[in-house]
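Shown next, in structure tokens, is the structure this report addresses.
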Amino acid sequence: MKRYVEGENRSQSTLFPESLEDYIAEDNPVRVVDVFVDELDLKGMGFEGAEPEATGRPAYHPGTLLKIYIYGYLNRLQSSRRLERETQRNVELIWLTGRLSPDFKTIADFRKDNGKAIRRVCREFVLLCRNMDLFTDALVAIDGSKFKAVNGRDRNFTNHKLAARMQQLEESIARYLADLDRADRDPSTVTEARVEHLKEKGETVKAQMQRLKGLGEQMAKTPDEQISLTDPDARSMATSARGSGVVGYNVQSVVDAKHPLIVTHEVTNKGTDRAQLSSMGKQTQQALGTEKITALADRGYYAGPEILACEQAGINALVPKSHTSNNLAKGQFDKRDFHYDAAKDEYRCPAGQRAIWRFKTIEHGQTIHKYWSSACPRCPIKAQCTTGENRRIARWEHEAVLEAMQARLEKMPEAARIRRQTAEHVFGTLKSWMGATHFLMKRLPNVQTEMSLHVLAYNLKRAMQIFGVVPLMKVIRA
């Protein structure tokens, strides 16, 4: 084959390097994994087998198995079976493990049995990044995204899904019975084999209906009236696309705005982000070792009690308000058109009238004050304001906290852009690494461990890009 780049003759003798060390360049990322794990206090972090047993068959050192997993997640190899194969043929892994090749069961059991310790390793690397002064700005973006679980849609049931499935089965039985009635009236129209088949199908459908009734009874005992058969902790969650959803987990992440490093993360099976703002903010304070942080989030996190909790903890939360009122669509005045006078504790309406305090009430556990003006019935622009007798204005007792946050947000018009470019690409990167099936493990604690390995791999790769491989190894050893 002339005029092509030609390979070497396979029969030609080749002299390979004499030692494993010669296969791996000094700036190969696998060396960072080796140095990082060697510097960890595995016993202090709670890894099983960190102290060898005096008797019995020798076990693999937990550091070796941890190196295999960190290398695997850095290179999109999450499966224990694939990792077993790679330890036998991948030169980098052969170097990393010293030619050790644990079987897939040993590799899988290590991840399952050392979940808490692996999560501590993830936090340890964040602490290392903090010591390297990578989080000096204390400006972070909080976001959440839905990740698919092992559980498929057909193996998850809610009240709506159960009712729809029961209706389908009832229609199927009605169809089978109609065919059997037709066979009784005129046996020549339906063969004997077809009749037997219809009877078997009818029995199968009845058995399925009994099973669904049993699932309905189990589902009624769960707090959210939902049940997943493959992964009991997975939940059906709506996604941003209209009319679509996913059975999985809601992953919360806090990303540093300066170097897009993941500061902290949490895996939950709650379908919304509404109650996550303050808890993620406090975890960020702990991870960064500072109380003064600025946290950017999207509208999905807007909740008065959560913003109040952030204010009390010293967190400068910036969350755009979600406007749920339909008044603007109707051509009527919005609440923003009514101006509050804190000194007089009253509102000034668009017509210039005073809306004074009337009473307070408790709604959804919150103290709400009600205001309205006596001039409403005679107001010339009442049609633009309300269809009722009076336009009532509701004010939460801590509304001043929300107004102060809104004022800070207006002084930072680029907040939405910074949040979007900081947090959203991280989720896109992680989902790309994970592939079509995001999580491989079942149950919430195991999924949290798996997510910690992904986050650790992501942060390692970012740190190598920021510092370079050789300088990062020097910092880790220091």
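The sequence shown begins at 0 in numbering that gives the first Met the number 0 and counts up by one.
Glycine included, C-beta positions come from ideal geometry on N, C-alpha and C.
In this structure, Thr96 and Lys66 form a Cβ contact; the two beta carbons are roughly 7 angstroms apart against a cut-off of 8 angstroms. The Cβ atoms of Met44 and Val474 do not sit closer than 7 angstroms to each other.
Burial of Phe438 is indicated by the presence of at least 16 other C-beta atoms within 10 angstroms of its C-beta. Excluding its 5 nearest sequence neighbours in each direction, Glu91 has C-beta neighbours in its own chain below 6 angstroms: Val29, listed in chain order. Across the structure, Ala116 and Phe46 are spaced so that their CA atoms are roughly 6 angstroms apart. A check of alpha carbon separations from Asp142 across Arg184, Leu168, Gln207, Thr263 identifies Thr263 as the nearest. Taken in chain order, the complete beta strand (DSSP E) segments of 3 or more residues contained in the region 279–316 are 292–295. In the structure shown, Ile361 falls within a strand segment according to DSSP collapsed to helix, strand and coil.
Relative to the Cα of Ile367, the nearest Cα in the group Arg391, Glu396, Ile261, Cys378 belongs to Glu396. Contact between the region 449–466 and the region 251–268 is present: three or more C-beta pairs spanning the two stretches fall below 8 angstroms.
Taking C-alpha positions only, Pro376 is separated from Asp297 by approximately 39 angstroms.
At the C-beta level, Ala140 and Arg407 stay beyond 7 angstroms of one another.
Ranking Val400, Tyr68, Lys291 by CA distance to the CA of Val120 puts Tyr68 first.
The beta carbon of Asp232 lies closer than 6 angstroms to those of Asn268, Arg442, Leu443 in the same chain, with the five residues before and after it left out.
Within the same chain, Glu91, Val468 come within 8 angstroms of Asn27 by CB-CB distance, once the 5 residues on both sides are set aside.
Tyr22 and Thr86 have their C-alpha atoms spaced approximately 15 angstroms apart. DSSP places Met236 within a strand segment (E or B) once states are collapsed to three. By the beta-carbon neighbour count (other beta carbons within 10 angstroms, threshold 16), Pro101 is buried. In the structure shown, the three-state DSSP call for Arg347 is strand. For the options Arg84, Asp108, Asp340, the alpha carbon positioned closest to that of Leu99 is the one of Arg84.
With a beta-carbon spacing of about 7 angstroms, Thr293 and Ala137 fall inside the 8 angstroms limit used to define contacts. The residue from Lys359, Ser372, Val446 with its alpha-carbon nearest to that of Gly351 is Ser372.
The beta-carbon distance between Gln365 and Gly303, rounded to whole angstroms, is 7 angstroms. This is short enough to meet the 8 angstroms contact definition. Linking Pro349 to Val318 through their CA atoms gives a straight-line distance of about 27 angstroms. Each residue's CA atom was taken as its position, placing Arg184 and Asp178 some 10 angstroms apart. Listed in chain order, the non-local C-beta contacts of Gly299 below 6 angstroms within the same chain comprise Asp272, local neighbours out to five positions each way being set aside. With distances taken between CA atoms, Met433 lies nearest to Met450 out of Asp153, Met450, Glu423. Taken atom to atom, the span from the alpha-carbon of Thr360 to that of Asn158 is near 33 angstroms. If you ignore the 5 residues before and after Asn155, its C-beta comes within less than 6 angstroms of the C-beta of Ser227, Ser235, Val246, all in its own chain and listed in chain order. Val250 is a Cβ neighbour of Ser144, given a cutoff of 7 angstroms. Here DSSP, grouped into helix, strand and coil, assigns Leu19 to helix.
Taking a contact as a CB-CB distance under 8 angstroms, the pair Ala148 and Asp255 does not count as one, their CB atoms being some 28 angstroms apart. In this structure, Gly48 sits near Pro61, with a CB-CB distance shorter than 7 angstroms.
Taking a contact as a CB-CB distance under 8 angstroms, the pair Gln447 and Gly114 counts as one, their CB atoms being some 7 angstroms apart.
Comparing alpha carbon positions, the residue from Gln209, Arg174, Val36 closest to Leu197 is Arg174.
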